[in-house]
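Throughout the sequence shown, residue numbering follows full-length UniProt numbering, covering 1 to 115 in sequence.
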Amino acid sequence: MNNYVVIKPHHSTYPDPITLKTGDKVIYGKEDTEYPNWMFCTSPSGKKGWVPKQILSQDKLTRFATVSEDYSAYELTVEAGESLKGLHQLNEWTFCRRDTGEEGWIPDSCLKKIT
């Protein structure tokens, strides 16, 4: 785990994010042009959101993919100066935890690693 300080505010644009379980089948959509390897998917419940390509096994003959691990697209809303623990970095985003225990994704461009 790395420690970070927020250097630029980030406000979540997805208040009800896509959440997936291992083995879920999703409709495999388009790839993000700003953040490569994030795929816009639709869950079995109909929720839509960005999912990392690395956890999707796409069936080449259909528009469906299988999820290989539990996943939540929850983003943290943060302000400059906040301290966070980085748990996992993927595709220019870091999954972070606040001291309160709240966890979510933050773009790497909003974070500075501290020692």
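Glycine is no exception: its CB is placed at the ideal position from the N, C-alpha and C atoms.
Leaving aside the five residues before and after residue i along the sequence, list all residues of the same chain whose C-beta is less than 7 Å from its C-beta, in chain order.
i: G86; result: M1, N2, Y4, T94, C96
i: T22; result: V67, S68, E69, D70
For the beta strand (DSSP E) containing residue i, list its first residue and its last residue.
i: T42; result: 38 to 42
i: G104; result: 103 to 107
i: R97; result: 93 to 97
i: Q58; result: 56 to 58
Please go through the same chain and pick out, in chain order, the residues whose beta-carbon is closer than 6 Å to the beta-carbon of residue i, but skip the five residues on each side of it.
i: P9; result: E79, A80
i: E12; result: The question names Glu, but residue 12 in the sequence shown is Ser. The answer, listed in chain order, is E75, T77.
i: K30; result: F40
If you measure between the beta carbons of residue i and residue j, is that distance less than 7 Å?
i: E75; j: Y35; result: no
i: Y28; j: A65; result: yes
i: K60; j: M39; result: no
i: V6; j: E102; result: no
How close, in whole Å, do the beta carbons of residue i and residue j come, if the pair is a contact with beta carbons under 8 Å?
i: W50; j: D70; result: With a Cβ gap of about 16 Å, W50 and D70 do not count as contacting.
i: R98; j: L111; result: Not a contact, Cβ separation roughly 13 Å.
Output needed for residue i: all residues of its chain with C-beta closer than 8 Å, excluding positions within five of it in sequence on either side, in chain order.
i: K47; result: D16, P17, I18, T19
i: L56; result: V26, Y28, M39, C41, A65, T66, V67, S68
i: W105; result: A73, Y74, E75, L76, W93, T94, F95, C96
i: S109; result: K8, E92
According to DSSP, which residues form a beta bridge with residue i?
i: Q89; result: T94
i: S72; result: T19
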